[in-house]
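Accompanying notes for the structure given below.
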Amino acid sequence: MNYLRIARPEVTLSLFDRILRINWLLVVLLISLALVGVTMLYSASGGSFEPYSSRHATRFAFTLGLMLVLALVDIRIWMALAYPVYALALALLIGVEFFGETAMGAQRWLNIGPIRLQPSEMMKLALVLALARYLHAAGELKQLRDLPVPLLLIAIPFALILKQPDLGTAILVAAIGAGMIYLAGLGWRIILSGAVSAAIGLPLFLAFGLKEYQWRRIRTFLNPEDDPLGSGYHILQSKIALGSGGVDGKGFLNGSQSSLNFLPEKHTDFIFTMIGEEFGFLGSVGVLALYGAVLLVGFYIAIRCQSMFGRMMASGITITFGLYVLVNVGMVTGLLPVVGVPLPLISYGGTVMLAVMIGFALVMNAHIYRYSVLPTGRSLIL
Amino acid sequence: MARDDDIAAKFTRRSIVFGTAGFLGFVGLSARLYQLQVLESGKYRGLSEENQFNYHLLVPSRGRILDRSARILATNIENFGLLLMPEQVTDLDALLSRLSRIIPLSEARKANIRKSFAKRGLRAPIRVANNMNWASFARVNLWLPDLPGIHPDVGEVREYPDGSDFAHVIGYVGRVPPEQARGAGALLRHPGFRIGRTGIERNYDLDLRGNPGALKVEVNALGRTVRELPDIRTSAAAGQDLQLTLDKEIQHAAHMALSGPDISGAACLIDLEKGEVRALVSTPSYDPNKFARGISGADYKALLDDPLKPLFNKAVSGTYPPASCFKPVIAMAAFDAGLANPRERITCTGKIKLGDREFHCWRRRGHGRVNLNGALGTSCDVYFYEMARRLGIERIHDAALKFGFGQMFDLGLGTGSAGLVPNAAWKRARFDLPWAQGETLIAGIGQGYLASTPLQLAVMTARIATGRNIVPTLVAGTAKPATEIPQLDFSTNALNIAREGMSSVVNSPWGTAYVPNGLDGKNMLWAGKTGTGQVRRISQAERKNRIRKNAELKRELRDHALFVGYAPFFNPQFAVSLIVEHGGGGSKEAAPRARKILNFALQQQALKVARMAAGTAPTEVAR
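Quick mapping for you: the protein sequence lines, in order, are chains V and R. Counting in the working numbering, the final residue of the first sequence is number 382, and the numbers go up one at a time with none missing. Counting in the working numbering, the final residue of the second sequence is number 1623, and the numbers go up one at a time with none missing.
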């Protein structure tokens, strides 16, 4: 009975219906990840809830509530908001260019009263929303004339974020966009020609588009032992932390690398190394499995969606989330250059937590409206 | 709808492709983690240990250097300094201006600190102040809460309480030279370690150095100690103290006797019981404390450029013609060879002819008819030209060697010269020329190729005074017991002839260095011999006209003033040698100074004996 009641193609659902359709598995997985974060931050401050752990927990509780509320919003409202949100994010990105605050050699922060915003985080969500709306309306991307708009949607924020300069985030934005266009059904011929032009364009970009510090990071990544106390320090120390953890780790609160401050930014980007040091291979792979489960659920939700908008939203956010994890863990294990990408829900940091949870609100929203059939057609593009 | 289904199916397909790619990514990460955490775990565990623990070297306290009565000649004092930990400093300029209100800090020093700060490494502390006095060190400690990043540092620095008195003997310590530090053990590479660079400090470095200790400490990423691990501490073993035979008071007196404006020279005083050196002085001297604390480039250059060569140990490395001080040796050699008779008189007309060459006596109008004693007392050159002619260079050479000439005595200083005692073979080897008899004659008055060090002259005097084969020693406990020192290979009569002659020099009114009322003004008989070492060659033209006085000559052309002597004449206790470089005549410049030293040494000896009798003498430290 229930199933029949739920599996209706209507778009208009009662609040009760919507609550009934919430994916509680996803909620449980997100809570689990946040708890890992709370635990590791407790260890990062030497066995204390202050200053990171308790604030992390509070933020998560708040953003989880926000996530559930936003997830229950009518999907058509999200669709309607897609372009305005994108425009706002773009405005903030331009704003950060002029009024932004420099941190770690990059302009990334915007102070709006008491709130410190990272517009590039908001941009990822906005891009997913805007692309989802456009791809929903445009249908299958078979013709070349369908391409300029989504490419522009990606290229503008890419260029702005690159100028901050934040190469890592810029590449992430491009990758998210490309992934969504691919999933939307881009023709093979266009994909091939895109790949060819990328093969030509990338070396040119590397030669002329990179800042000195970005080159240094890449060089360091290629050979961290060259300068163990300079730029290679992060990578070397995090490898030492991971490796010394062994199979089962040194035990909770016993990570000498981290407690003696060898690990830089151990509470933010490098928190994964603490997991590896204190809980060993089993712990780090366990956390990876947890992330893997979230991704599986995300793709499952996307596939089950009836509407292209829902699919795109869910898959776009899932891709974003997955890329965060892959890049972060790749970075701390020395497979990728240090680009400053946090480990979502575990790393300390308010903006990222907010962005990730709003993202999962969209995924959850797609899940709630998975049976709903939304009108399509070129008229909806704008 | 079919079209929609198509799109949905394509999306599903592509999602699965995407998901698979993501899954492979996760598998890749897991594989990497497996590599790091399982396969290579041992390697990183080692690195982590290394990260976490540091072995701090504990520099051992350097052994002290003591004089014969265990008075301190070299020791270690606390060195109060300030270190700046770069990573704890947020505003360097504010910190420096606050600090300069507490202790004086020159602009140059500040600039240096800023420079080190700009190129700082993560771990290297910067030395802000060194060798501070207690008052300013205490003041900084009081204000420490206002000086974040400044850390007090107490180390050890070598201290030479009587700095310049002993500079040439003891030497000094300094930083380990880079070529020595390369590849050496941790101690030599430790920035706080100082190594003996010259003199006793250098030669006995291994004994004085001691053994370093180690301390295992837990450190944080910046290399700062988080805590000590007391169970893994091995204390440093201090170096051994080293006792010298020198006497602090006598050394000081000798140094003072040879000090003055434009005065350079050397003196050596030997205790005749076992040959222990009681004073070994070279002037002008320098302050070894400056070296131990790091001498400035300007100060070092000034020492190097000084024409009086303060850094050079003239007592063991300076070579001078023994001049007339050599005459007793000629006398003894001639007597034992049966070529001299103390009663024989030789007429000195002021010169002697050999072929068509003339050899002059220092006294132009001559000494008239002189016997051996008179010749020694008045230092008649003509008499000894004749003795040398009779002896020939080979016998002179052999006799000289028996008195210690031509031999480098190892006092443990690591430096010294053997001087030179020439003979025909030497000249052949050196110049590929046959020996000339004229060269024998001038060897008879201690000139020509003959070269000796003040130490050798003191040894010669000691051997004449005792008739025993005295070998000088400088480190306590290295001298042979008095009873084991062999007799000299000269007859007692020969020795007595030399001694009588040397007595005439100082005790007879006609002697070259006569002092009324004896050495001490209380009629103590003693013995001595003056010498005037010729530096320049006097031309025939000058002789005909008028020989220029020393005062008319440039300093470096003036004669060296020499004196050797011993006292008391009966039962002698000390032998002394002394040279004043370019001082002129031995009687005027050298003899009074040497007498002062001898006198002082005898007084000290008497005091020591008196104290010993009273039971208050400081006991000698057993090594």
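Even glycine gets a Cβ: it sits at the ideal position worked out from N, Cα and C.
If you follow the alpha helix (DSSP H) that residue i is in, where does it begin and where does it stop?
| i | result |
| --- | --- |
| L153(V) | 148-162 |
| L129(V) | 119-138 |
| M67(V) | 53-71 |
| S994(R) | Nothing in the structure corresponds to residue 994(R), since chain R is present only between 1001 and 1623. |
| F1359(R) | Element bounds for F1359(R): not the alpha helix (DSSP H) but the beta strand (DSSP E), 1357-1360. |
Only counting the same chain, and skipping five residues up and downstream in sequence, which positions put a Cβ closer than 7 Å to that of residue i?
| i | result |
| --- | --- |
| Q1604(R) | D1247, E1249, I1250 |
| M1001(R) | Summary for M1001(R): the model assigns pLDDT 43, below 50, so the residue's position carries little reliability; its value from the coordinates is reported in the next sentence. So the list is empty, once near-sequence residues are dropped. |
| F299(V) | S315, T318 |
| A106(V) | Its pLDDT being 46, under 50, A106(V) is placed unreliably in this model, and the coordinates cannot settle the point. |
| G322(V) | L295 |
| G1192(R) | V1059, G1155 |
Would residue i pass as a contact of residue j if the rule is Cβ separation under 8 Å?
| i | j | result |
| --- | --- | --- |
| L282(V) | V247(V) | yes |
| V1564(R) | A1458(R) | yes |
| R1468(R) | G1404(R) | no |
| I1346(R) | E1386(R) | yes |
| Q1037(R) | G280(V) | yes |
| E121(V) | K163(V) | no |
| V1506(R) | A1498(R) | no |
| F1326(R) | L1488(R) | no |
| F1574(R) | L1354(R) | no |
| A61(V) | Y52(V) | no |
| D1241(R) | G1063(R) | yes |
| L127(V) | Y86(V) | yes |
| M1408(R) | A1400(R) | no |
| T1473(R) | E1179(R) | no |
| L72(V) | R133(V) | no |
Just checking my contact of residue i with residue j at CB under 8 Å: how many whole Å lie between their CB atoms?
| i | j | result |
| --- | --- | --- |
| G334(V) | K239(V) | 5 Å |
| L1244(R) | L1413(R) | At roughly 11 Å, the Cβ-Cβ gap does not stay under 8 Å, so L1244(R) and L1413(R) are not in contact. |
| V352(V) | L167(V) | So it is not a contact: roughly 17 Å between Cβ atoms. |
| Y324(V) | R1014(R) | 21 Å between Cβ atoms; not a contact. |
| S372(V) | I190(V) | Rounded, the Cβ-Cβ distance is 30 Å, inconsistent with contact. |
| G1584(R) | N1550(R) | 4 Å |
| G1531(R) | S1324(R) | 4 Å |
| M312(V) | H136(V) | 6 Å |
Would you mind working out which of the options sits nearest residue i, comparing C-alpha positions?
| i | options | result |
| --- | --- | --- |
| R1593(R) | S1379(R), L1413(R), H1255(R), G1406(R) | H1255(R) |
| S996(R) | Q1407(R), I1270(R), G1528(R), S1577(R) | The shown model of chain R, from 1001 to 1623, leaves out residue 996(R), and the question about it has no answer. |
| A1340(R) | N1493(R), L1557(R), Y1172(R) | N1493(R) |
| A130(V) | L326(V), P150(V), I358(V) | P150(V) |
| K1588(R) | H1560(R), A1610(R), V1609(R), L1607(R) | H1560(R) |
| R1278(R) | L1066(R), L1057(R), S1491(R) | L1066(R) |
| S284(V) | I1016(R), V1027(R), M1612(R) | V1027(R) |
| L1215(R) | R1209(R), S1235(R), L1206(R) | S1235(R) |
Between which residues of its own chain and residue i is the CB-CB distance below 8 Å, once the five residues before and five after are set aside?
| i | result |
| --- | --- |
| R427(V) | Lying before the first or after the last residue shown, residue 427(V) is absent from chain V, which here runs from 1 to 382. |
| P1434(R) | A1424, K1427, R1428 |
| A1108(R) | none |
| F1359(R) | K1351, I1352, K1353, D1381, V1382, Y1385, G1438, L1441, I1442 |
| I1007(R) | none |
How far does the beta strand (DSSP E) with residue i in it extend, from its first residue to its last?
| i | result |
| --- | --- |
| P1152(R) | 1150-1159 |
| T1075(R) | 1072-1084 |
| C1352(R) | It should be noted that the sequence gives Ile, not Cys, for residue 1352(R). Run containing I1352(R): 1351-1354, per the beta strand (DSSP E) assignment. |
| I1126(R) | 1126-1132 |
| V1580(R) | 1574-1580 |
| I346(V) | Element bounds for I346(V): n/a, residue is neither H nor E. |
| Y1566(R) | 1560-1567 |
Go through its chain and collect everything with a Cβ distance to residue i's Cβ below 6 Å, but skip five positions before and after it.
| i | result |
| --- | --- |
| N1289(R) | Y1160, G1163 |
| E1500(R) | N1373 |
| L354(V) | T63 |
| S1282(R) | H1168, A1266, N1313, K1314, A1315 |
| L229(V) | Low per-residue confidence applies at L229(V): pLDDT is 45, beneath 50, and the placement is therefore not dependable enough to give any value. |
| M67(V) | M357, F360, A361 |
| K1274(R) | A1479, A1482 |
| S347(V) | T268, I271 |
Using a cut-off of 8 Å between C-beta atoms, extract the partners of residue i located in chain B.
| i | result |
| --- | --- |
| A302(V) | Going by chain labels, chain B is absent from the structure shown, which instead holds the protein chains V and R. |
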